[in-house]
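Q: If you're matching positions, the sequence shown starts at 2 in this note's numbering and goes up one per residue.
Beta carbons are placed, not taken as given, at the ideal position from N, Cα and C, and that holds for glycine.
These figures come from a predicted structure and were not determined experimentally.
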Amino acid sequence: MKKKPFVSSLIFWTVILGLAAWPAVTPHADLVCRVLTMAFLYAVMAMAWNVTALSGLISLGHAAYFGLGAYGAALMDHYGFAHIGWTLTAAALSAGVYGALCAAVFRSLRGATFALVTLAAVDIPKVIADNWESVTFGSLGLVGVAPLPVLRVAGLTLDFASNLLAQYYALLGVLLLGTWVHHKAMHSRWGWALRAIREDEQAAGVLGIPVQALRWSAMTLSAVITGLCGGLYAHLHGFVEPPLVFSAHLSAMPLVLSILGGRFRWYGPALAALFLYPLDQLVLHPVLPAGHAALYGLAIVAAVLFFPQGLGSWKK
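The structure is reproduced here in structure tokens:
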């Protein structure tokens, strides 16, 4: 009975060790580091999305949490609290509060109706950020967001601000942490209760599972993690603007990655992110600069037709 988890863990750690060694053995290491760093970030975002999906709710509005996290970190930095601890706390809180509010307001909605209102909910913070010029600088966005810090530990300097390799390993660590949280969420009693709600909400309620409270906690946790991803994005790129961080692409990407990789497997979303995003940026973008984004639509079609349980289903 322990064979399957062991094999999954072995494959996962083999991939992680491969990623750790990758920059040392590949040409164009800077470009590869930059692309894979973003792949790690989007993998964590996809796993955060999947936490909400565990309860049977399909969200199309995670760009709202990502954008609020990015603006929370950028505004905290701009108005004088540049320490990474403060900015990421602001990112998590701004997204978490909005996620908790959405969970409370949309608690009676299910299926396509829920998906549509979450999509519409992206426009609320986007319009505010676009028009509250005295605070957010409107459509001009915020530039000059402080980079990640330079740490000095026992005489060793870790330059996360400008060293792409250091950023690569920092985000690899974030990926490991996000995967651990996702694994625990899926296989804990809390996660199994969410699955029970997904399968039969009324039966779960009869068995004593607090349906509304669990769905609220899942959406809030998902929003907090996505907000942290947005905050890290702001520090990595140094600027934010409404069309960039509240884009529909950021709402669709975690859904695509989770479905392609297999949203019922703890490694599924990360697997898809590590495959699809580098393929898009390193292979298709140079060849089709105007049409490379079609890959995400093709990925959904391929997953539905050939891998209905996701790429992770190849190993049973």
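Would the beta-carbon of Ala304 fall within 7 Å of that of Val52?
A: The count along the sequence shown starts at 1 and reaches residue 304 at position 303. The count along the sequence shown starts at 1 and reaches residue 52 at position 51. Against a cut-off of 7 Å, the Cβ pair of Val52 and Ala304 comes out as no contact.
Q: Among the residues of its own chain, which have a CB less than 7 Å from the CB of Val118, if the five just before and after it don't count?
A: On the sequence shown, position 117 is the one that residue 118 refers to. Exclusion of the five residues before and after Val118 leaves Phe107, Leu110 as the residues of its chain whose Cβ lies within less than 7 Å of its Cβ.
Q: Are Gly70 and Gly232 closer than 7 Å when you measure CB to CB?
A: By 1-based counting over the sequence shown, the position of residue 70 is 69. By 1-based counting over the sequence shown, the position of residue 232 is 231. Going by C-beta atoms, Gly70 is nearer than 7 Å to Gly232.
Q: At what residues does the beta strand (DSSP E) containing Val175 begin and finish?
A: By 1-based counting over the sequence shown, the position of residue 175 is 174. Segment 165-188 is the alpha helix (DSSP H) holding Val175; no beta strand (DSSP E) there.
Q: Considering only C-alpha positions, which residue in the set Leu178, Leu55, Ala21 is nearest to Arg190?
A: Along the sequence shown, read from residue 1 onward, the residue named residue 190 stands at position 189. Considering only alpha carbons, the answer is Leu55.
Q: Counting pairs of beta carbons, one from the segment 143-160 and one from the segment 267-283, are three or more of them closer than 8 Å?
A: no
Q: By Cβ distance, which residues of its chain are closer than 6 Å to Ala186, with the 5 residues on each side in sequence left out?
A: On the sequence shown, position 185 is the one that residue 186 refers to. Cβ neighbours of Ala186 beyond the five flanking positions: Val52, Gly192.
Q: What's the gap between the Cα of Ala113 and the Cα of Lys127?
A: Walking along the sequence shown from the start, residue 113 turns up at place 112. Walking along the sequence shown from the start, residue 127 turns up at place 126. Here the alpha carbon of Ala113 sits roughly 22 Å from the alpha carbon of Lys127.
Q: Any contact of the segment 289-302 with the segment 256-263, i.e. 3+ C-beta pairs under 8 Å?
A: Contact holds between the segment 289-302 and the segment 256-263, because three or more Cβ pairs, one in each stretch, are under 8 Å apart.
Q: Check this for me: beta carbons of Leu215 and Ala249, under 7 Å apart or not?
A: The residue you call residue 215 lines up with position 214 of the sequence shown. The residue you call residue 249 lines up with position 248 of the sequence shown. Not closer than 7 Å, so no.
Q: So for Val123, helix, strand or coil by DSSP?
A: Locating residue 123 in the sequence shown gives position 122, where the first residue counts as 1. Assigned with DSSP and collapsed to three states, Val123 falls in coil, not helix or strand.
Q: Between the Cα of Gly145 and the Cα atoms of Ala25, Glu242, Ala40, which residue gives the shortest distance?
A: Locating residue 145 in the sequence shown gives position 144, where the first residue counts as 1. Measuring from the Cα of Gly145, the nearest candidate turns out to be Glu242.
Q: On the DSSP letters alone, give me the boundaries of the alpha helix (DSSP H) that Val146 sits inside.
A: The residue labelled residue 146 in the question sits at position 145 within the sequence shown. Unbroken run through Val146: none, as it is neither H nor E.
Q: What span of residues does the beta strand (DSSP E) with Leu208 cover, start to end?
A: Here residue 208 refers to the residue found at position 207 of the sequence shown. Note, Leu208: premise wrong, no beta strand (DSSP E); not H, not E.
Q: Report all residues from its chain with a CB closer than 6 Å to the CB of Lys4; omit the five preceding and five following residues, and keep chain order.
A: Working through the sequence shown from its first residue, we reach residue 4 at position 3. Any reading at Lys4 must be qualified, since the residue scores a pLDDT of 49, below 50, and its modelled position is unreliable; no value is offered.
Q: Looking only at C-alpha atoms, which of Thr221, Ala197, Ser163, Ala294 sits nearest to Ala34?
A: The residue labelled residue 34 in the question sits at position 33 within the sequence shown. Residue identity differs from the one stated: residue 34 is Cys in this sequence, not Ala. Checked all of Thr221, Ala197, Ser163, Ala294; the closest Cα to Cys34 is Ser163.
Q: Going by beta carbon distance, what residues of the same chain come within less than 6 Å of Met1, once the five residues before and after it are set aside?
A: Summary: the structure shown does not reach residue 1, with the chain confined to residues 2 through 317, and so no result is reported for it.
Q: Okay, do the segment 135-153 and the segment 75-89 touch, 3+ Cβ pairs below 8 Å being the bar?
A: Enough Cβ pairs lie closer than 8 Å, so yes.
Q: Considering Thr158, what are the terminal residues of the alpha helix (DSSP H) in which it resides?
A: Within the sequence shown, residue 158 is the residue found at index 157, counting from 1. Careful: Thr158 lies outside any alpha helix (DSSP H), inside the beta strand (DSSP E) at 157-160.
Q: Short of 8 Å in beta carbon distance, which residues of its chain neighbour Val212, apart from the five on each side in sequence? Order them along the chain.
A: For the purposes of this step, residue 212 is taken as residue 211 along the sequence shown, with counting starting at 1. If we look at Val212 and ignore the five residues flanking it on each side, its Cβ neighbours are Ile198, Glu202, Ala205, Gly206.
Q: Counting only runs of 4+ residues fully inside the segment 55-100, write out the alpha helix (DSSP H) ranges in chain order.
A: 63-79
Q: Taking the alpha-carbon positions, what's the Ile226 to Phe308 distance?
A: Position 225 of the sequence shown, counting from 1, holds the residue named residue 226. Position 307 of the sequence shown, counting from 1, holds the residue named residue 308. Distance between the alpha carbons of Ile226 and Phe308 is about 27 Å.
Q: Nearest-angstrom Cα distance between Leu141 and Trp14?
A: What you label residue 141 is simply residue 140 of the sequence shown in a count that begins at 1. What you label residue 14 is simply residue 13 of the sequence shown in a count that begins at 1. Their backbone Cα atoms lie some 43 Å apart in a straight line.
Q: Cβ atoms of Leu251 and Phe67: under 7 Å apart, would you say?
A: Taking the first residue of the sequence shown as 1, we reach residue 67 at position 66. Taking the first residue of the sequence shown as 1, we reach residue 251 at position 250. Yes, Cβ-Cβ distance for Phe67 and Leu251 is below 7 Å.
Q: Leaving out five residues on either side along the sequence, give the residues of the same chain with a beta carbon under 6 Å from the beta carbon of Gly73.
A: On the sequence shown, residue 73 is found 72 positions in, with the first residue counted as 1. Excluding positions up to five away in sequence, the list reads Ala91, Ala92, Ser95.
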